[in-house]
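Residue numbers (our numbering), protein chains in the order written: chain U, 6 to 311; chain G, -6 to 258.
Right, one structure below, let's go through it.
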Amino acid sequence: MKILVLGETSRDIGESLSAISSIEGDRVVALFSTSHDEASRASALGYKVYHLNTRNTEAAYKLLVKVYEAESPGLIVSVSTKNPRDVLSRLAGLLDLPLATNVRKISVGDGKIVYERAVLSERSISLEEADPPAILLVMPRLFKPIAGEGQGSIEELEPSEEPAARILEVKRKELGGARIEEADVVVGVGRGFRRREDLRLAFELAELLGGAVGGSRPIAADLKWLPEDAWIGISGKRISPKLYIAVGISGAPQHMAGVSGSKIIVAINKDKSAPIFRYADYGIVADLYEILPILIRKLKERKGLG
Amino acid sequence: MGDLVVLVKAALNPELVRSSDGDRLDLDSVPLKLSDIDRNAVEEAARLKSILGGKLYSITVLTWGPASLREKDLRLAVQEALAKGVDEAIVVADDSAVPGDQVLTANIIVGAIKSLGLKPDIIIAAEESIDEGTGQIPGRVASKLGFPYVSFVRKIDVSDGKIIVERDLEEVVEVVEAPLPAVVSVTQEINDPRPPTLIQIRRASKKPIRTLKLSDLNVEPVRKRAIRELRIIKEERKGVVIEAESVDKAADRLLEILESEGILK
Ligand SMILES: Cc1cc2nc3c(=O)[nH]c(=O)nc-3n(C[C@H](O)[C@H](O)[C@H](O)COP(=O)(O)OP(=O)(O)OC[C@H]3O[C@@H](n4cnc5c(N)ncnc54)[C@H](O)[C@@H]3O)c2cc1C
Ligand SMILES: Nc1ncnc2c1ncn2[C@@H]1O[C@H](COP(=O)(O)O)[C@@H](O)[C@H]1O
């Protein structure tokens, strides 16, 4: 079966190629990027690269339709980032192809594409099958990118017409570089904090424990009290520290899915019926404004700092 | 032109997923609710209606059979949309359809828009649903109708016949201009929807809900993928709630635990 891999970076393409490593068949790559360096890195993975040289999702979609017609793949795979999801949902609609996201495992048997994916905000795993051609989007950062094994060719594709939806401006987001994925201890902050200044309690606790601070989606994406790279959950980062302390977080499934790899989960919440207590190892029903200063004082005393 | 369409889904509620038989999941046991970010879509549609005028429709497709068992959940989800300013709801419910096949869902939505003669300026959906979580329906609908599509939108401005939106991507924010009619998918951050008031709920119960079947739309029940098995992800956690006579004692207890777990030295 011929497989078309779409991605915005050579790393993402490497991850998709890794996800399909057990499936036989030719591979071709479509890189959705304006970077020529990225195109040469992608071609170093060893397959032919169609370089969709645009930033615009509508233009990329039109170019991808041409690639699809030229290659007739039985399977299209991408890492599930936002722009590829946009582009592939349009292709799926045009051709009535099945499309699945959050895929964790892919195989082919009896001419069918068989895959496992997370559904219901990652509370459940669905084992499914689809007839080719099908589109699968794999979870980011789940597969280790394959190493390059040769030199593929590059075919440059430029948009032939002006898209109806035009990009006027691109603003880079400010990221904080918190590296919560690598920390041994993460203190997670939620809407239980009333003011941005109060997060200093969490930072102080994290520092005493040698850890980092992350937050729920409303804290990072909506209120912007933390940079977005400190956003924990299915649409943010997945973390697997030795200790995760959730403070003032209710425990929505979309948040908890991002911390399920933690060794120990501690929850601090003033509402004893908060769902988080069902998903924690240790829970304390308390007002964070009361207990955090006490924990901080006691930790300082232990360290001889008090 | 002149219509606004908001796509809302009565989705399986992930908070109420419970295992009945081992770790196997029976979808018929999971209640439905209005998918979280669809609330933001409805709120934004109501705001746009106040700018653009026109009539605001919501379209819901229920393919989970038997649809009759789902009627109450479905009505509640749709009424929430009606309470927040939707004028009329169109519900497609059919027992013959396959659960959640998005090829079919998109065909039904487009079929409903065409057969009811709707002329939408803007079709609004959520970036993703809480059960399927794929975010594919708005893109599918856009390419079937040949409309421009802007996804992951956290801000919409309207000015003479076009929209200027901010697309919220992982590392950048893109400002995009699109002509109307267009399809927009919105993020959770676009607004802060308030729950409907009692008066709004009461008024909603008088608003029309039109129920249609596949045969009304000339849509065939296709089936492009099949579920072989559904399992609940089991979270093995201790679930100990620390009981102590004071917050001070609870803090001591927590530090002892962290010490015995080898986290504090
Ligand atoms: C498709 C989708 C994707 C999503 N992705 C994510 C994601 O990646 N990450 C994420 O986090 N969320 C995500 N969400 C949002 C998620 O559903 C929840 O809305 C969110 O996690 C709630 O954040 P929170 O717990 O901080 O706030 P809330 O739910 O408002 O909880 C605040 C908690 O603080 C407690 N509290 C209040 N005051 C105090 C006090 N003084 N002391 C102690 N406790 C107190 C309250 O009892 C409450 O439990 C997603 C939602 C959807 C629909
Ligand atoms: N069955 C449906 N009926 C109406 N709208 C839907 C349906 N399924 C999905 N949508 C819309 O598309 C969005 C994304 O859904 P999904 O592709 O399932 O993640 C939803 O939040 C709705 O706005």
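Yeah, the Cβ is synthetic: ideal placement off N, Cα and C, and Gly gets one too.
Problem set entry | Entirely enclosed alpha helix (DSSP H) segments - the stretch 90 to 175 of chain U, minimum 4 residues | none
Exercise. Which class does residue 196 (chain U) belong to by DSSP, given the choice of helix, strand or coil?
Worked result: coil
For this session: Could you confirm whether any beta carbon from chain U is found closer than 8 Å to the beta carbon of residue 232 (chain G)?
Result: Yes, residue 232 (chain G) lies at the interface with chain U (some Cβ there is under 8 Å from its Cβ).
For this session: Following the continuous alpha helix (DSSP H) through residue 116 (chain G), name the residue where it begins and the one where it ends.
Result: That residue, residue 116 (chain G), is in no alpha helix (DSSP H); its beta strand (DSSP E) goes 113 to 119.
For this session: Return the Cβ separation of residue 34 (chain G) and residue 78 (chain G) in integer angstroms, given the expectation that the two are a contact with Cβ distance under 8 Å.
Result: At roughly 12 Å, the Cβ-Cβ gap does not stay under 8 Å, so residue 34 (chain G) and residue 78 (chain G) are not in contact.
For this session: Enumerate in chain order the residues of its own chain whose CB-to-CB distance from residue 243 (chain U) is below 6 Å, with the five nearest sequence positions on each side excluded.
Result: 263
For this session: Grab me the residues of residue 4 (chain G)'s own chain with a C-beta within less than 7 Å of its C-beta, minus the 5 sequence neighbours each way, in chain order.
Result: 25, 26, 28, 122, 123, 124
Problem set entry | Own chain, CB closer than 7 Å to residue 73 (chain G), minus 5 neighbours either side, in chain order | 27, 189
For this session: Only counting runs of 3 or more residues, tell me where the beta strand (DSSP E) segments fall wholly within the stretch 134 to 180 of chain G, in order along the chain.
Result: 142 to 152, 155 to 161, 165 to 172, 175 to 179
Exercise. Looking at the structure shown, is residue 5 (chain U) part of a helix, part of a strand, or coil, going by DSSP?
Worked result: There is simply no residue 5 (chain U) to check, as chain U begins at 6 and stops at 311 in what is shown.
Exercise. Going along the stretch 71 to 101 of chain U in order, which residues come within less than 7 Å of chain G, judged by CB to CB distance?
Worked result: 86, 87, 88, 90, 91, 94, 95, 97, 98, 99, 101
Exercise. According to the Cβ coordinates, are residue 54 (chain U) and residue 157 (chain U) closer than 8 Å?
Worked result: yes
Problem set entry | Interface residues of chain G facing residue 282 (chain U) [CB-CB closer than 8 Å] | Within 8 Å Cβ-Cβ: 232, 234.
Exercise. What residues in the stretch 24 to 48 of chain G bring their beta carbon closer than 8 Å to a beta carbon of chain U?
Worked result: none
Problem set entry | Cutoff 8 Å: residue 150 (chain G) Cβ touching any chain U Cβ | no
For this session: Rounded to whole angstroms, what's the CA-CA distance from residue 120 (chain U) to residue 295 (chain U)? Just pull it up for me.
Result: 48 Å
Exercise. Just how far apart, CA to CA, sit residue 238 (chain U) and residue 272 (chain U)?
Worked result: 16 Å
Exercise. Can residue 206 (chain G) be considered in contact with ligand 2, in the sense that its beta carbon sits closer than 7 Å to one or more heavy atoms?
Worked result: Incorrect: residue 206 (chain G) has no Cβ contact closer than 7 Å to ligand 2.
Problem set entry | Exposure of residue 98 (chain U), with buried meaning 16 or more beta-carbon neighbours within 10 Å | buried
Exercise. Distance, Cα to Cα, residue 13 (chain U) vs residue 36 (chain U)?
Worked result: 6 Å
Problem set entry | Beta-carbon proximity list for residue 124 (chain U), same chain, < 8 Å, skipping 5 on both sides | 107, 130, 131
Problem set entry | Start and end residues, beta strand (DSSP E) containing residue 52 (chain U) | Where residue 52 (chain U) is concerned, there is no enclosing beta strand (DSSP E), given that its DSSP letter is neither H nor E.
For this session: Could you work out which residues of chain U lie near residue 124 (chain G), taking near to mean beta carbons separated by less than 8 Å?
Result: Under the 8 Å cutoff, chain U gives 124, 125, 126.
Exercise. According to DSSP, is residue 183 (chain G) helix, strand or coil?
Worked result: Helix.
For this session: For residue 116 (chain U), I'd like the list of residues in its chain whose CB is within less than 8 Å of its CB, leaving aside the five on either flank, ordered along the chain.
Result: Taken in chain order, the residues that qualify are 136, 137.
Exercise. Where does residue 75 (chain G) fall in DSSP's three states?
Worked result: In the three-state reduction of the DSSP assignment, residue 75 (chain G) falls in the helix class, which pools H, G and I.
Exercise. With C-beta atoms as the reference, is residue 145 (chain G) less than 8 Å away from residue 178 (chain G)?
Worked result: Taking 8 Å as the cut-off, the Cβ atoms of residue 145 (chain G) and residue 178 (chain G) count as close.
Problem set entry | Proximal residues of chain U, C-beta to C-beta of residue 67 (chain G) below 8 Å | Identification of chain U residues near residue 67 (chain G) by a Cβ-Cβ cut-off of 8 Å yields none; the smallest Cβ-Cβ distance measures about 18 Å.
For this session: Per DSSP, which residues does residue -4 (chain G) bridge with? Please list them.
Result: G:48, G:113
Exercise. With distances taken between CB atoms, is the gap from residue 174 (chain G) to residue 83 (chain G) smaller than 8 Å?
Worked result: no
Exercise. Whole-angstrom Cβ separation of residue 240 (chain U) and residue 222 (chain U), contact assumed at under 8 Å?
Worked result: 7 Å
For this session: Using only the heavy atoms of ligand 1, determine whether one of them is closer than 7 Å to the beta carbon of residue 257 (chain U).
Result: yes
Exercise. So is the beta-carbon of residue 193 (chain G) under 7 Å away from any non-hydrogen atom of ligand 2?
Worked result: no
Exercise. With contact counted as at least three CB pairs below 8 Å, one residue from each stretch, are the stretch 100 to 117 of chain G and the stretch 225 to 239 of chain G in contact?
Worked result: no
Problem set entry | Cα-Cα separation, residue 213 (chain G) to residue 134 (chain G) | 17 Å
Problem set entry | residue 133 (chain G) at chain U interface by Cβ criterion, 8 Å | yes
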